[in-house]
Amino acid sequence: MINTFANDLAEIRRRNPLVHNITNYVVMNFTANALLAIGASPIMAHSVEEVEEIVGLSSALVINIGTLSPPWVTAMALAAAAAEKKRIPIVLDPVGAGATRYRTETAGKLALEHRISVIRGNASEILALAGGTSATKGVDSVNTVEDARTAAMEMAGRLSCVVAVTGAVDFVTDGKRSVAIANGSPMMRRITGTGCAASAITGAFCAVQPDPLAAAAGALVAFGIAGEIAAEGNPGVGTYAAMLLNRLGDLEPEMVTKRARIIESGFRKL
Amino acid sequence: MINTFANDLAEIRRRNPLVHNITNYVVMNFTANALLAIGASPIMAHSVEEVEEIVGLSSALVINIGTLSPPWVTAMALAAAAAEKKRIPIVLDPVGAGATRYRTETAGKLALEHRISVIRGNASEILALAGGTSATKGVDSVNTVEDARTAAMEMAGRLSCVVAVTGAVDFVTDGKRSVAIANGSPMMRRITGTGCAASAITGAFCAVQPDPLAAAAGALVAFGIAGEIAAEGNPGVGTYAAMLLNRLGDLEPEMVTKRARIIESGFRKL
Amino acid sequence: MINTFANDLAEIRRRNPLVHNITNYVVMNFTANALLAIGASPIMAHSVEEVEEIVGLSSALVINIGTLSPPWVTAMALAAAAAEKKRIPIVLDPVGAGATRYRTETAGKLALEHRISVIRGNASEILALAGGTSATKGVDSVNTVEDARTAAMEMAGRLSCVVAVTGAVDFVTDGKRSVAIANGSPMMRRITGTGCAASAITGAFCAVQPDPLAAAAGALVAFGIAGEIAAEGNPGVGTYAAMLLNRLGDLEPEMVTKRARIIESGFRKL
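Protein chains in written order, with our numbering: chain S, 1 to 270; chain R, 1 to 270; chain V, 1 to 270.
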């Protein structure tokens, strides 16, 4: 699978796929710059008046619920329906699922009613979403990485999508196949928007790679490698944000192959 | 009081308090990164569907009126009511009060109808707000720092809150006690969002320090010191923004004690 | 004309004109920092409750349709009407015109119904807008720089405004006089918001320079020079964004005169 990562990065650089983002206010600028750096073309558009047309131009749709309000939720559903119809991949980032009912329900509804390619969140978001989309609402265990992985596998199988749980080690699963990725740096959690950027970059990889498991894994490996190289020299947090964009911008495909740290892989039963 | 500043900074780093921001579009990213750098956990949420729940998770609420519209004003009032009920501190940043009736009235209404812990603004904003919240609407003097300080003391006493007037020298008062702070750098006015970040960081200090005068003063001292260290070496404005985050991120509590420049302190009569 | 550029830059630094921006979420922070760096005072405000009052305080209005929704479109029209009435310059940035009907129509309506001083866009946006504002809707040729220039001259003459088509070489025309500008760097297209910042800086130049052709050309020359100096040393994309702000901040008027690269100028017939 590692070779697909490098090929996909090169392909993004070649095709510059248009990635439509309906995302939160906090990270729009950083997300757009991250997508440009990796080689994609970002477009942000959120109004019902135009999201379907924007989807019509795009190669992937990324929905991020970080700063929700009702008009945006309506547009997210419209855009998702258009993306399904056009058969372009949808990435869902359930920011803050579990923190409020509004977020949990919005993310759950999007996940249940649309054909999502990849759901990417941290452990607590995935646990909350898995609970919210499960008929039994049975996930009430302590919030641990292991629980989130189990929930991710269950939800991935149930919804026929890929679920990525990011953290110190990222875990990506389609319910049958699972990959754990040890790239990245603790610095990535010290600035805002790295999770959201990871989701957007997953959208870029999905635009060129039909297997969403390979796409999500490739995105997290590439982003993680950029993040760990950016942390060399121990920059301050403000400098780190710029360095991360620098390293996304000059990341070589061969470097992805060389530095990928996939620490487990294969098929796991539920 | 200086010792509380260092302790409070250390306490923020220990507790990582969740600070709920309803703030303007321009500064959301910078504010989130400033809060992360100082050690707090930022969350941005603005819709009536969820602000009360977000307040329920948070240790402080920061309301900033920099890019207002009616749904946001409604959410601000709901969030403020929830924060009062939960007895968590509220910081109000009346951005642009005095520039338009909408801003002056919105800030005035929030200040009058809710138990605000700290109001932070520049001289003209505080003068406008003091005029707008005073029954006599009597502040029609020339807009000077001295007038703003007098207005701040009057308003602080009347509303039982702390008022911080920031500028070349910051002035913080609860109507009886007053502190002037000479930390900071002129560079801070050359980039957008430093005032808004100061308000957000005040929220972080309020989350760990029950005396809002000490909290506001500590926040302005800490932020000012980060700002003056960041200006060393005379960086350009773009670099300065990153340096300011770097220095917030590595600011040591002892440094706060050592570099605090409180040039007047004590009790002043109105 | 080159001497007006340096004088205008010095004048912006002297007067710090207030520039009202109704712009998109992605670039608000970068735009505000770019305006501060060049010496202007940015204000962002978008609600119908206050845009007319903000226009009343401002020396220029910049309308950017990058992340549209109906309440913003209403506010844009109100603000534009107020700016016309007050006789302050309006700059229109038709971001994404041609990509969706909503954008093309919104930009077209603003261009037709208001006295715009400068419309700034890339080749495809100008072609789309020229098609959308033309009775014959006749621009259906291939999307080339030369077509965009022809369309810009036609539209400028028809709407009595200045049209700037930015790209590897910028082209500015009022329908009779035309200027081409070869300043800038390919790096400017690798980060988000440089086009939007160019429009905002055009607003700052319009605030001090009554000839909109000279204002637009001066803005693009100044911004382009900052962009090319910032690219020296081949920074990464994240660093480049900071360097661009640095170089806008320390750009000397004499440097503008010295480095301006106007490669054609004069009167051209349609």
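Quick reminder that beta carbons are idealized off the backbone N, C-alpha and C, glycines included.
Keep in mind the model is a prediction, meaning the values are calculated, not measured.
Checklist entry - Where are the beta strand (DSSP E) runs, 3 residues long or more, that stay fully inside the stretch 229 to 269 of chain V, in chain order? => result 262 to 267
query: So which of R/N3, R/L78 and R/N29 has the shortest CA-CA distance to R/E50?
result: R/L78
Is the shortest distance between the beta-carbon of R/E252 and the beta-carbons of chain S less than 8 Å? no
* For S/I225, the three-state DSSP class (helix, strand or coil) -> helix
Cβ-heavy atom distance between S/V208 and the ligand GTP below 7 Å? The ligand GTP is absent from the structure shown, which contains no ligand whatsoever.
Exposed or buried, what is V/K137 when buried is set at 16 or more other beta-carbons lying within 10 Å of its beta-carbon? Per-residue confidence for V/K137 stands at a pLDDT of 42, beneath the threshold of 50, marking its modelled position as unreliable; the derived number appears in the next sentence. Counting Cβ neighbours within 10 Å, V/K137 comes out exposed, since fewer than 16 surround it.
| request: Would you mind sorting S/L112 into buried or exposed? The rule is 16 or more other CB atoms within 10 Å of its CB. | output: exposed
Check your understanding: Buried or exposed: which applies to V/S160, given that a residue is buried once 16 or more other Cβ atoms fall within 10 Å of its Cβ?
Key -> exposed
Exercise for review: Can you check DSSP and say which residues form a bridge with S/D8?
Suggested key: Paired residues: none, contrary to the question.
Closer than 7 Å at the beta carbon, the chain S residues around R/Y102: The contacting residues do not exist; R/Y102 stays about 20 Å from chain S at best.
Self-check item: Proximity test, Cβ basis, 8 Å: S/P17 and chain V
Solution: no
Bridge partners for S/S41 per DSSP, in chain order? S/L18
Q) Do R/Y240 and S/Y25 have their C-beta atoms within less than 8 Å of each other? A) no
Check: Just to confirm, are S/A198 and S/A219 a CB contact at a threshold of 8 Å?
Finding: yes
*asked:* Cβ closer than 9 Å: which chain V residues qualify as neighbours of R/F30?
replied: N29
Who are the near neighbours of S/T133 in its chain, counting only those whose CB is closer than 8 Å to its CB and skipping five residues on each side? G108, A111, L112, M155, R158 and L159
message: Short of 7 Å in beta carbon distance, which residues of its chain neighbour R/A182, apart from the five on each side in sequence? Order them along the chain.
response: V169, R261 and I263
Can you tell me which of the three DSSP states V/T192 falls into?
coil
Quiz item: Is the stretch 242 to 258 of chain V in contact with the stretch 243 to 262 of chain S, if contact means three or more CB pairs nearer than 8 Å?
Solution: no
Item checked: Sequence-distant residues of its chain with Cβ nearer than 8 Å to V/T4 (five each side left out) -> Q209, D211, A214 and G218
When we look at the beta-carbon of S/E228 and count the other beta-carbons within 10 Å, is it buried (16 or more) or exposed?
-> buried
Quiz item: Beta-carbon of V/S47 versus every beta-carbon of chain R: anything under 8 Å?
Solution: yes
Next on the checklist: Here's the rule: buried if 16 or more other CB atoms are within 10 angstroms of the residue's CB, otherwise exposed. What is V/P186?
Outcome noted: exposed
inquiry  = One question on the structure: do S/T31 and S/A200 come within less than 8 Å of each other, judged by their Cβ atoms?
reply    = yes
Original post:
So which residues of chain V does R/V26 contact, with C-beta pairs closer than 7 Å?
Top reply: M28, N29, A32 and M44
Kindly indicate which three-state DSSP category S/G138 falls into: helix, strand or coil?
-> Below a pLDDT of 50, predicted positions are generally treated as unreliable, and S/G138, at 43, falls in that range; the measurement from the model is reported next regardless. Correct three-state label for S/G138: coil.
Kindly indicate if chain V contains any beta-carbon less than 8 Å away from that of S/R268. Because the pLDDT at S/R268 is just 47, under 50, the model does not fix this residue reliably, and the point stays unresolved.
To which residues of the same chain is R/K258 closer than 8 Å at the C-beta, ignoring the five residues directly before and after it?
-> none
Worksheet item: Which one of V/G56, V/L129 and V/I65 has the shortest CA to CA distance from V/G98?
Response: V/L129
Beta-carbon separation of R/F171 and R/R149 under 8 Å?
yes
Item checked: Those residues which DSSP pairs with S/L127 across a bridge -> Answer is none; S/L127 lacks a bridge partner.
Relative to the C-alpha of R/L36, which candidate in S/V48, S/T194 and S/N7 has its C-alpha closest? S/T194
Review point. What is the DSSP secondary structure of V/A164, counted as helix, strand or coil?
Key: strand
Assuming R/V165 and R/A123 form a contact by the criterion Cβ under 8 Å, report the distance between their Cβ atoms to the nearest whole angstrom.
6 Å
Which bits of chain R does V/P71 rub up against, with CB to CB less than 8 Å?
-> S69
Check: V/V139: buried (16+ other C-beta within 10 angstroms of its C-beta) or exposed?
Finding: Reliability fails at V/V139, whose pLDDT of 43 lies under 50, so the model's placement of it is uncertain and no value is given.
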